[in-house]
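**Student:** For the sequence shown, full-length UniProt numbering gives the first residue as 1, with consecutive numbering after it. Yeah, the Cβ is synthetic: ideal placement off N, Cα and C, and Gly gets one too. These figures come from a predicted structure and were not determined experimentally. Input: one structure, supplied below.
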Amino acid sequence: MAKPALKSQSGIFQLLPLGLRVQQKIESLLDKHMQSIADVCPKLFRLKDRKETDLLLSPTHEEEITTLVASTLKSYKDLPLRLYQTTRKYRDEMRPRHGLLRSREFVMKDLYTFDTSVESAIETYREVSGAYRAFFANLKLPVLVAEASSGDMGGDYSHEYHLASSIGEDTVAECSSCGYVANDEVAKAIPPSTDRLEARRNALTATDVRVWRGITKDRRTLVNAWYPAHGDGSGVADVNVHAVKEAVPELDASISDPIRLLGPEDGGGTTTSTFGVLNVVDARLASSFSDLQPELPIIPAELTNAPSHQSPILQTPSGEALNLLRLADGDVCSSCKNGTLQIHRALELGHTFYLGTRYSEPLELSVSLPNTKGGPVPVQMGCYGIGVSRIFGAVAEHKADERGLNWPRAIAPFEVAVIPTSGVTDETLAFYDSLAGQGTLAPDFDIVLDDRKETFGWKMRDADVIGYPVTVVLGKSWRERGICEVQCRTLGVKENVAAEDVPAFLRDLLDKLSPTSSPSPSLRPQQIPPTSPTMSGGRETINLDTLEPQQLAQVKKQLDEELEHLTSSFAQLHGAQNKFRDCLRCVNSRSAATSGASIPLLPIRLLVLRLVVYPPLETSLPLRSYSRPRRAQPQDCISQRRTLHKKRDVMPCTEQNSVLVPLTNSLYVRGELTDSESVLVDVGTGFLVEKKLKSAEQFYDGKVQELANNLKELEAIVQQKQANVRAVEEGMAAS
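Given below as structure tokens:
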């Protein structure tokens with residue numbers, strides 16, 4: 001099978017030809033959109049040269065690019081200036097995971113902008129944000145543009161571009177009403193009302209309170225963050241460290257064990273003879289904290305020296321009530337005050353920063369402006385990044401289905417794959433050349449011919465795994481009548497097309513896969529009939545034209561979750577059906593044995609057989625009424641070297657009621673069925689029921705048929721859900 005990349009070592013991948021084409025197309029697409037606008041310490045790789053000079057592999061280049069521009073900028077007339085690069089970067093990742101989504105070596109696009117004024121810099125920020133949105137629209141990715149913290153980058157204005165994903169490591173909150181989106185570092189919910197706080201005051205006890213501990217950057221103050229164990233609901237609450245840092249700006253949130261730094265010298269930490277304590281109190285506890293304080297562990301038991309002072313913090317520096325809990329589904333949006341927040345796990349694909357003078361002022365990047373007094377002024381800067389290799393992995397993860405990858409047209413390794421059912425002939429090559437741009441009237445598609453010496457079925461499966469947007473099959477109809485079969489998995493198209501009409505048909509099909517074109521009514525249903533939760537229930541319709549982009553994104557998210565659940569259920573039903581089939585085969589084998597026929601291999605799964613063990617084992621192992629034969633204990637194996645072991649298969653013995661029970665893959669113990677006419681059947685309610693062989697056969701046959709009907713109904717629902725998802729994606733691309 002063709003693969004896009006191979007893992008070299010943990011966090012490092014080698015791109016193969018198909019993967020390299022995908023990455024090059026991502027970079028080319030970025031070039032297009034960048035040109036349209038005229039254009040972290042623990043994770044640093046550190047090293048020394050032979051002169052013992054400290055060096056590092058830079059994950060970002062703000063300082064270098066600022067120094068470069070400062071040395072070459074001659075006049076304000078050279079501004080605005082926009083410089084970008086696509087390059088490899090490195091990060092000393094402790095736990096590389098999810099392939100290209102989090103690796104030690106990665107590719108990023110960095111854009112740096114330089115403007116003369118704040119107004120000009122903000123306008124640049126808006127232009128770049130628009131280019132980013134257009135870029136993700138080309139990829140057909142429903143990104144969430146979230147307000148974000150500038151973090152170590154500094155600056156005053158920041159947004160992240162996220163793709164909702166169950167394997168994401170970031171948390172994003174989205175309002176169901178106003179469209180407000182923010183990551184959990186800056187997202188806020190409305191604190192509980194004063195009436196609700198007062199109503200809870202007398203009901204709180206010390207067991208209802210939790211503490212998170214931190215330390216300030218000067219290592220002289222212990223920070224205790226006190227918050228309710230269960231928040232406003234019944235679920236377990238968790239502290240929002242970003243909210244604590246907002247209340248205590250000098251907090252060093254990177255320290256996971258602050259007690260060690262405040263402990264005695266023999267504990268390995270930094271000795272602090274005196275230290276202070278800041279008690280940061282959530283608004284839900286503020287009215288009760290003074291009463292509960294004597295019962296709370298203000299000073300950890302590990303600290304023997306008393307603090308020099310204690311101070312409570314009951315509100316933010318701006319005077320707002322403290323909400324120290326992480327956001328949860330259903331919290332009230334602080335932006336519109338009406339909608340509720342929905343929490344997503346998400347992958348960060350891009351980040352934009354308005355840096356202001358964060359780097360230009362200390363690195364002396366300034367210009368003299370006309371009609372101004374006071375000398376040169378620092379240049380206003382912006383920094384914008386997109387993870388090229390991360391987008392590679394994110395698109396592959398997001399677009400894949402049960403058949404394989406499913407690349408969007410913009411970055412697919414090839415737009416069209418031509419697959420002959422038999423060997424490649426001169427006619428096949430001529431047809432390929434006419435599509436690939438080597439004929440006189442060539443349409444110039446990005447096309448590949450699969451001329452490998454493999455079977456047709458193998459090639460088709462490989463095409464699905466690779467994820468070509470369109471495949472053209474040259475089979476018997478093409479050889480005899482010039483008719484090709486054109487398939488498009490994304491649009492659900494599978495049509496027979498005359499060879500002379502293929503170029504026009506492909507062009508129309510590929511246009512429908514592009515976000516800039518409006519899908520035809522036949523391929524973009526305006527109304528989706530969602531299936532009700534029950535298999536035979538009614539249906540309702542939703543008009544996509546009446547929905548806003550944020551609402552379309554929410555509909556797609558819900559459909560994706562339902563589809564994931566249904567697909568999982570489909571696999572579970574298949575597994576259950578296979579188990580019942582095994583049981584049915586086992587019962588049939590016993591029936592054949594009682595009639596004198598030979599006994600095939602008997603799989604023991606849900607079927608439970610009574611066993612009596614032959615000598616030389618000195619003890620028989622009784623069957624419990626609710627389980628399979630007990631697993632041998634270690635002492636049994638040591639003393640007797642042979643015993644029963646819970647395994648799935650039983651090998652036949654020559655006697656009619658005898659079986660061989662495997663201890664290992666090559667070691668067996670003889671056993672005998674004490675009742676060859678009856679079996680114990682797990683009826684699915686936690687009970688075993690004794691049934692005659694004929695009755696057990698009917699029971700399992702009925703189960704197999706019932707599951708077959710369920711699978712057929714579920715398959716129809718899954719297909720409908722997939723059609724709904726495609727319709728919503730097309731609606732989002734057109735909006």
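Among 306, 252 and 18, which one has its Cα closest to the Cα of residue 219?
**Tutor:** Comparing Cα-Cα distances from residue 219 to each of 306, 252 and 18, the minimum goes to 252.
**Student:** If you reduce the DSSP assignment to three classes, tell me which class residue 377 lands in.
**Tutor:** Residue 377: strand per DSSP, three-state reduction.
**Student:** How should residue 230 be labelled, buried or exposed, when 16 other C-beta atoms within 10 angstroms of its C-beta is the threshold for buried?
**Tutor:** By the neighbour-count rule (16 or more Cβ atoms within 10 Å), residue 230 is not buried but exposed.
**Student:** I believe residue 380 touches residue 115 by the beta-carbon criterion, under 8 Å. Please report the beta-carbon distance rounded to the nearest angstrom.
**Tutor:** That belief holds up - the Cβ atoms of residue 380 and residue 115 are roughly 5 Å apart, short of 8 Å.
**Student:** Under the three-state reduction of DSSP, which class applies to residue 161: helix, strand or coil?
**Tutor:** DSSP places residue 161 in strand when its eight states are reduced to three.
**Student:** Please classify residue 344: does DSSP put it in a helix, a strand, or coil?
**Tutor:** Here residue 344 sits in strand by DSSP.
**Student:** What residues match up with residue 312 in a beta bridge as DSSP calls it?
**Tutor:** Note: residue 312 sits in a beta bridge opposite 279.
**Student:** Between residue 388 and residue 86, how many whole angstroms is the CB-CB distance? I'm expecting something under 8 Å.
**Tutor:** 6 Å between Cβ atoms; contact.
**Student:** Pull the bridge partners of residue 297 from the DSSP assignment, please.
**Tutor:** Its beta-bridge partners do not exist; DSSP assigns none.
**Student:** By how many angstroms is the C-alpha of residue 241 removed from the C-alpha of residue 10?
**Tutor:** Between residue 10 and residue 241, the C-alpha separation is close to 30 Å.
**Student:** One question on the structure: do residue 161 and residue 146 come within less than 9 Å of each other, judged by their Cβ atoms?
**Tutor:** The answer is yes: Cβ separation under 9 Å.
**Student:** Just to confirm before moving on: does the CB-CB distance between residue 345 and residue 169 stay below 9 Å?
**Tutor:** Yes.
**Student:** Are at least three pairs of beta-carbons, each pair with one atom in the segment 391–409 and one in the segment 459–477, less than 8 Å apart?
**Tutor:** Counting Cβ pairs under 8 Å, three or more are found: they touch.
**Student:** Among 82, 140 and 482, which has the Cα closest to the Cα of residue 769?
**Tutor:** Given a span of 1 to 735 for the chain in the structure shown, any question on residue 769 remains unanswerable.
**Student:** In or out: residue 611 buried (at least 16 other Cβ within 10 Å) or exposed?
**Tutor:** Because residue 611 carries a pLDDT of 36, less than 50, the predicted location of this residue cannot be relied on, and the following value inherits that uncertainty. The residue in question, residue 611, is buried, as its Cβ has 16 or more Cβ neighbours within 10 Å.
**Student:** So for residue 502, helix, strand or coil by DSSP?
**Tutor:** In this structure, residue 502 counts as helix in the three-state DSSP scheme.
**Student:** Please report whether the beta-carbon of residue 275 lies at a distance below 9 Å from any beta-carbon of chain D.
**Tutor:** Looking for chain D here will not work: only one protein chain is present.
**Student:** Grab the span of the alpha helix (DSSP H) containing residue 476 for me, first residue to last.
**Tutor:** 476–481 is the span of the alpha helix (DSSP H), which, as asked, contains residue 476.
**Student:** Suppose the cutoff is 6 Å on Cβ atoms and the five residues either side in sequence are ignored; what does the same chain contact list for residue 289 look like?
**Tutor:** Correct list, in chain order: 281.
**Student:** I believe residue 292 touches residue 258 by the beta-carbon criterion, under 8 Å. Please report the beta-carbon distance rounded to the nearest angstrom.
**Tutor:** At roughly 22 Å, the Cβ-Cβ gap does not stay under 8 Å, so residue 292 and residue 258 are not in contact.
**Student:** Can you say whether residue 498 is buried or exposed, counting buried as having 16 or more other CB atoms within 10 angstroms of its CB?
**Tutor:** By the neighbour-count rule (16 or more Cβ atoms within 10 Å), residue 498 is not buried but exposed.
**Student:** Is DSSP giving residue 167 helix, strand or coil here?
**Tutor:** Coil, per DSSP.
**Student:** From the DSSP output, in three-state form, read off residue 401 for me.
**Tutor:** Three-state DSSP puts residue 401 in a strand.
**Student:** Among 83, 104 and 84, which residue has its Cα nearest to the Cα of residue 90?
**Tutor:** Looking at the Cα atoms, 104 is the closest of the given residues.
**Student:** With the cut-off set at 9 Å, would you say residue 188 and residue 334 are in Cβ contact?
**Tutor:** Yes. Within cutoff.
**Student:** Shortest alpha-carbon distance to residue 205 belongs to which of 313, 322, 436 and 284?
**Tutor:** Answer by Cα proximity: 284.
**Student:** In terms of residues, what are the limits of the alpha helix (DSSP H) holding residue 262?
**Tutor:** Segment 258–262, the alpha helix (DSSP H) holding residue 262.
**Student:** To the nearest angstrom, how far is it from the Cα of residue 668 to the Cα of residue 658?
**Tutor:** Computed Cα separation, rounded: 12 Å.
**Student:** Measure the C-alpha to C-alpha separation of residue 676 and residue 710 and round it to an integer number of angstroms.
**Tutor:** Distance between the alpha carbons of residue 676 and residue 710 is about 33 Å.
**Student:** Taking only the alpha-carbon atoms, compute the straight-line gap between residue 314 and residue 713 and give it to the nearest angstrom.
**Tutor:** Taking the straight line from one Cα to the other gives about 57 Å.
**Student:** So does the segment 323–334 actually touch the segment 356–368, counting three or more Cβ pairs closer than 8 Å?
**Tutor:** Contact fails: fewer than three Cβ-Cβ distances are below 8 Å.
**Student:** CB-CB under 6 Å to residue 424, same chain, minus the five flanking residues each way: which ones, in chain order?
**Tutor:** Hits under 6 Å: 451.
**Student:** Which residue or residues does DSSP assign as beta-bridge partners of residue 226?
**Tutor:** Note: residue 226 sits in a beta bridge opposite 211 and 281.
**Student:** Using the C-alpha atoms, what's the distance from residue 723 back to residue 716?
**Tutor:** Answer to the nearest angstrom: the Cα atoms are 11 Å apart.
**Student:** Less than 8 Å between the CB atoms is what I'm expecting for residue 728 and residue 512, so what's the real figure, rounded?
**Tutor:** No, residue 728 and residue 512 are not in contact; Cβ-Cβ is about 15 Å, not under 8 Å.
**Student:** Sort out for me which residues DSSP pairs residue 586 with in a bridge.
**Tutor:** Its beta-bridge partners do not exist; DSSP assigns none.
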